[in-house]
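Just so we're aligned: 188 in our numbering is position 185 of the sequence shown, and the numbers increase by one with no gaps anywhere. Positions of the beta carbon are idealized from the N, C-alpha and C atoms, including for glycine. For reference, the structure is listed below as structure tokens.
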Amino acid sequence: MSDQRIISLCIEVENRIEKYYQNCKQEGALQHVSFLYDYTVLCTYIGYFLNDPNLKEIYVNKAHRLFKELNELMEPVLSTKLICNGLIGIGYLADFLSNKGKYYQRFITQLNNLIVKQTNLSLTQYWRKNGTTIRDYDLFFGASGIGRYLLKYKEDEKNREILIQLVQYLIELTGNPGTNQMIYNKYFILYDNIIHAEHKANFPYGYLDLGLSHGIASPLVFLSLAMREGMVVSGQEQAIQKLIEIYRNHVIIEKERIYWPKILKANKNMEPQPHMKGRPMRPSWCYGETGIARALYLSSKIIHDAELEQLSKEVMMKVSQRKLEDLSFDCPTFCHGYAGAFHIFNLFYRDTGISIYKDYAEELLEKIISLKDVSNPFLFKKYDLDIESGEMTESDSLSMLDGIISILLTLLIQDNQMDNDIFSQMFMLD
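Take a look at the structure:
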């Protein structure tokens with residue numbers, strides 16, 4: 004699909020979202036910070052990729068107007084949230100809209116000071132004292148996501164200090180080497196610290212999450228990127244190697260695919276066992292092999308591990324040899340759908356130049372476009388299979404993580420080399 008057709012498609016959906024947005028405002032129902040945030044990101048990206056100067060100006064101005072409205076809506080909660088569409092998300096968006104530092108500098112400084120203050124509080128009062136939960140180190144709530152954002156502002160002394168502390172904390176979590184007992188790795192979640200009831204039922208001795216969204220792949224990416232950016236602490240490379248070793252030890256190599264269990268559960272002897280129950284593993288961003296492969300690839304390039312780099316490429320090559328209908332995706336969205344795999348294949352093609360990745364990305368693109376339906380309010384739908392009932396659910400979610408906006412962002416980015424791709428940075432892909 005040509006760039007112009009992609010732009011036209013995104014503008015068509017954006018026009019429908021604009022009508023929804025205006026209706027919400029008229030009815031006094033515009034109270035969802037996450038919607039306004041995701042919508043602002045969409046307008047920002049559309050404006051970035053437009054060639055028509057007049058239309059570009061319209062979208063850039065709209066993005067700035069929405070950003071101002073977003074900040075007014077978020078003001079009551081700015082001091083309480085450190086999530087993707089909270090302080091960190093606002094920071095990413097402000098950085099993009101700043102046009103390389105021309106705007107919002109005072110705002111960004113104030114925001115970063117607040118992020119540093121809250122992060123220091125989390126490090127001293129919560130993360131180190133109460134036992135590890137996935138929210139302590141993951142990319143949505145924890146040290147990895149905060150650290151990835153603050154790397155953008157590493158020149159500031161306060162930011163550098165907290166970055167070093169975040170690196171040290173994630174090094175501490177890798178625990179003692181030379182043992183197979185998972186409890187010595189503090190990324191391991193003890194039973195009493197499990198948040199989700201389903202996980203409590205399935206993992207009476209605790210578990211280790213291998214995914215990119217909530218697991219150890221995001222600390223691996225952050226520790227590696229921090230090293231690349233000069234945030235080097237004693238024990239850092241060893242910690243990176245320990246995390247990589249977990250993936251080396253638990254990779255599943257089959258004729259048609261190379262992948263990992265999304266979770267390692269502990270047995271009564273605290274030894275790791277792959278947890279493979281539930282739906283078939285999908286090559287998704289969140290828990291699948293494409294997201295993990297991207298994490299391993301980024302790390303391999305930084306620590307100069309040719310064998311690991313080759314493994315990551317082979318994982319993607321195996322996925323590219325599969326028919327689309329065998330991927331077990333239910334929907335076109337980013338988190339666990341076609342758009343996530345599409346985006347990661349494009350990033351691999353951009354970085355390696357391997358044409359097979361681009362060819363498969365084109366197949367994924369055509370599949371995504373085929374799921375468009377003009378009768379849908381926003382052309383696409385989010386679909387999910389309910390494991391218990393076996394029924395397919397659908398929604399008009401506009402989320403940039405697992406909704407319709409997430410599809411549009413990946414269509415816009417494709418394999419373009421952007422100056423500041425906050426979408427890929429935020430989700431630990433770049």
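Delimiting residues of the beta strand (DSSP E) encompassing residue i
i      : result
Thr396 : 395-398
Pro277 : 275-278
Lys385 : 385-388
Cβ-based burial, residue i [other Cβ within 10 Å; buried from 16]
i      : result
Lys22  : exposed
Lys103 : exposed
Glu292 : buried
Tyr129 : exposed
Asn54  : exposed
Val36  : buried
Thr47  : buried
Ile255 : exposed
Asn88  : Bear in mind that a pLDDT of 43 at Asn88, under 50, signals an unreliable position, so the model cannot answer this.
Asn188 : buried
Thr135 : buried
His339 : buried
Lys385 : buried
Pro56  : exposed
Val318 : buried
Leu223 : buried
Gly218 : buried
Given residue i as reference, the closest of the options once Cα atoms are compared
i      : options                       : result
Leu176 : Ala146, Ile197, Leu367        : Ala146
Pro380 : Ser323, Leu124, Tyr106, Glu15 : Glu15
Phe337 : Phe426, Val224, Lys245        : Phe426
Glu257 : Gly92, Val322, His199, Leu432 : Val322
Leu1   : Tyr363, Val235, Leu69         : With the chain covering 4 to 433 only, the question about residue 1 has no answer from this structure.
His307 : Ile9, Ile261, Gln244, Val63   : Gln244
Ile305 : Asp389, Leu124, Gly233, Asn26 : Gly233
Leu96  : Gly218, Leu215, Leu73, Leu117 : Leu73
Met429 : Ser221, Tyr341, Thr396        : Ser221
Leu124 : Ile165, Ser400, Leu58         : Ile165
Ala269 : Gly209, Arg251, Pro286        : Gly209
Gly356 : Gln324, Asn115, Leu45, Gln420 : Gln420
Leu12  : Asp41, Leu45, Lys28           : Leu45
Pro264 : Gln241, Leu246, Tyr290        : Tyr290
Leu350 : Gly238, Asn64, Trp288, Ser398 : Trp288
Asn423 : Phe52, Gln29, Arg19, Arg8     : Phe52
Glu248 : Leu299, Lys203, Ala200        : Leu299
Glu274 : Ile20, Lys65, Asn252          : Asn252
Straight-line Cα distance separating residue j from residue i
i      : j      : result
Glu17  : Asp405 : 17 Å
Leu382 : Asn272 : 51 Å
Met230 : Thr122 : 20 Å
Arg353 : Asp195 : 43 Å
Lys84  : Glu259 : Note that Lys84 scores 48 on pLDDT, short of 50, meaning its location in the model is unreliable; the coordinates nonetheless yield the value given after this. When rounded, the distance between both Cα atoms is 42 Å.
Ala309 : Ser303 : 7 Å
Met279 : Tyr262 : 12 Å
Ile86  : Asn26  : Caution applies to Ile86, whose pLDDT of 49 falls short of 50 and renders its modelled position unreliable; the value that the coordinates give is listed next. Their Cα atoms are separated by approximately 27 Å.
Asp141 : Leu126 : 14 Å
Ile359 : Met320 : 8 Å
Leu211 : Arg138 : 13 Å
Val170 : Phe143 : 17 Å
Met431 : Phe225 : 8 Å
Ser315 : Glu75  : 43 Å
Phe348 : Asp418 : 9 Å
Leu415 : Lys132 : 43 Å
Cys334 : Ser373 : 11 Å
Gln108 : Glu391 : 49 Å
Ser216 : His67  : 29 Å
Asn116 : Lys161 : 8 Å
Thr43  : Pro207 : 42 Å
Met284 : Met77  : 37 Å
Thr413 : Lys370 : 13 Å
Glu30  : Gln168 : 46 Å
Endpoints, alpha helix (DSSP H) assigned at residue i
i      : result
Tyr300 : 292-306
Ile357 : Neither: Ile357 is in no alpha helix (DSSP H) and is coded neither H nor E.
Lys268 : Premise fails: Lys268 lies in the beta strand (DSSP E), 266-269, not in any alpha helix (DSSP H).
Thr47  : 36-52
Cys27  : 6-29
Leu330 : Taken as a continuous stretch (DSSP letters only), Leu330 belongs to no alpha helix (DSSP H), as it is neither H nor E.
Phe426 : 425-429
Pro56  : 56-77
Val322 : 309-323
Ser409 : 407-416
Note down, one range per segment and in chain order, each beta strand (DSSP E) of at least 3 residues found wholly within the segment 174-244.
-> 210-212
Enumerated in chain order, which unbroken segments of the alpha helix (DSSP H) with a length of 4 residues or greater are wholly contained in the segment 93-156?
-> 108-124, 137-140, 146-153
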